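For the sequence shown, this note's numbering assigns the number -6 to the initial residue and increments by one for each residue that follows.
By construction, the Cβ of each residue, glycine as well, lies at the ideal position given by its N, Cα and C atoms.
The structure presented is a predicted model; accordingly, all values stated were derived computationally and were not measured.
Since the structure comes first, as structure tokens, the remarks are kept for the end.
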Amino acid sequence: MHIPDTWWPKSGPRLDPSLQPCFRVADNVDCSLLPGEPVGGFRPVAADADGRLETNKVIAAQQWNGPSPLIVVVADDLRVPGCDSVFGFAQPAAGVAVASTFHLRGTDDVGLSERLGKVIAHEWMHLRGRPHCAEVGCLMHPVTTVEELDARPDALCPRCRRRRSWKGAAVAAALIVVLFATIDFTVDALQTKSRPFHWRRQGKAAELLYRGEKVLWFPEAESATSPSQNPAETARVVASRLNSMFVKIDPPVLSVTTAAGVVRVVTADSPLFTVTPSMTGNADVVPFAVSWAAGVQLLLEGKGRQGESCPMCHIARRQQVRESMTRPPRFWR
Ligand SMILES: [Zn+2]
Ligand SMILES: [Zn+2]
């Protein structure tokens, strides 16, 4: 049997349209009824006391593990729990369906092959992930009598032909969710990467953090008379200014000034913050400030710590980056 291309679900667990079912046939079935050559190796099971075959037992007995799904054709009546009579039954998880000719005979054998073809096509679609369809004029509409089977067309209705199988739709939906989550995550990661300095309140004091690690401590102000002496406000401003320096190819140079006994870390154009003895943890203020400024300068220029990225490489190649920014774009590259 060659399944026409129009019957294929647009997507599903098995997408190869050249994939055709394999057949195994019970000894008492006339092979000429079949639309294809059986592969042989049918494994029989004993019938129940009423002469019917348990569909699950038939399917399990085949131990099928072939490259494409298997359709087993038997002549005996089938039993499916909850059904009076069935023409066929598919177990997509096992990749096996079973069809029976038992109820397909009318007054004569005329049309038997055609009916079996319809049952096989219907079960084949189930194996490919197709659910039942409410449309009477559809191959996937479930039927219980030979008359209904004869009336049922052997093609999918337009809606089924258009519709992706629910498995395909579910996979597509899951992929979209994953895609958006990834984009979100990446945007978040990029934003965090370009804003590595943060600050947080610690009681009435505040601390400055570089990628979660404390790099400076702003102790509680001795006299909270002006906003500039508010540690949280100072930490917020310093973090924000350091972040805007971090994204520059040529960040300003940090240096240390001493004027009238007040030690400050400054950039070329403005003071960043005042260094007080309570910030240094008993270290001398000036050496502390100088070493702090040098360490942070390396972070700003190298765009990270040694090991965290490649700071020396960033610094060494800055000239190249600068040149590439001023060069007109070359689209043919
Ligand atoms: Zn069905
Ligand atoms: Zn349909």
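Residue i and residue j closer than 7 angstroms at C-beta
i: I64; j: P14; result: yes
i: R72; j: R98; result: no
i: V230; j: S187; result: no
i: E107; j: A92; result: no
i: F80; j: V32; result: no
i: Y203; j: P212; result: no
i: G110; j: P28; result: yes
i: V259; j: L265; result: yes
i: A83; j: L26; result: no
i: T132; j: L149; result: Checking the displayed sequence, the identity of residue 132 turns out to be Leu instead of Thr. A contact, by the Cβ cut-off of 7 angstroms.
i: R145; j: V136; result: yes
i: V22; j: Q55; result: no
i: W285; j: A228; result: no
Selected residue, minimal CA-CA separation from residue i, among the options
i: G130; options: G59, G88, P124, E141; result: E141
i: E200; options: F178, P224, R154, N236; result: P224
i: F95; options: L109, I113, A68, R121; result: A68
i: A42; options: D20, G104, D70; result: D70
i: L292; options: G196, V246, P270; result: V246
i: S61; options: T48, R17, S284, V249; result: R17
i: S263; options: R152, M238, R145; result: M238
i: G274; options: A39, D23, G75, V208; result: V208
i: R154; options: Q195, C126, E316; result: C126
i: G34; options: E47, A40, D20; result: D20
i: K296; options: A282, A252, P244; result: P244
i: A261; options: S248, S271, A253; result: S248
i: E226; options: Q290, P270, A114, K197; result: K197
The beta strand (DSSP E) enclosing residue i, as first and last residue numbers
i: R193; result: 190 to 195
i: G81; result: 81 to 84
i: A127; result: Run containing A127: none; DSSP gives neither H nor E here.
i: A148; result: Run containing A148: none; DSSP gives neither H nor E here.
Range covered by the alpha helix (DSSP H) that runs through residue i
i: L247; result: Where L247 is concerned, there is no enclosing alpha helix (DSSP H), given that its DSSP letter is neither H nor E.
i: E140; result: 139 to 144
i: F281; result: 278 to 295
i: I113; result: 105 to 120
i: S233; result: 224 to 239
Counterpart residues of residue i in DSSP-defined beta bridges
i: F35; result: Looking at the DSSP assignment, F35 forms no beta bridge with any residue, so it has no partner.
i: T267; result: R257
i: W210; result: E200
i: R72; result: E47
i: R17; result: V65
i: V91; result: V65, F82
i: A252; result: V255
Point to revise | Pocket of ligand 2 defined by Cβ to heavy atom distance under 6 angstroms | key: C126, E128, C131, M133, L149, C150, R152, C153
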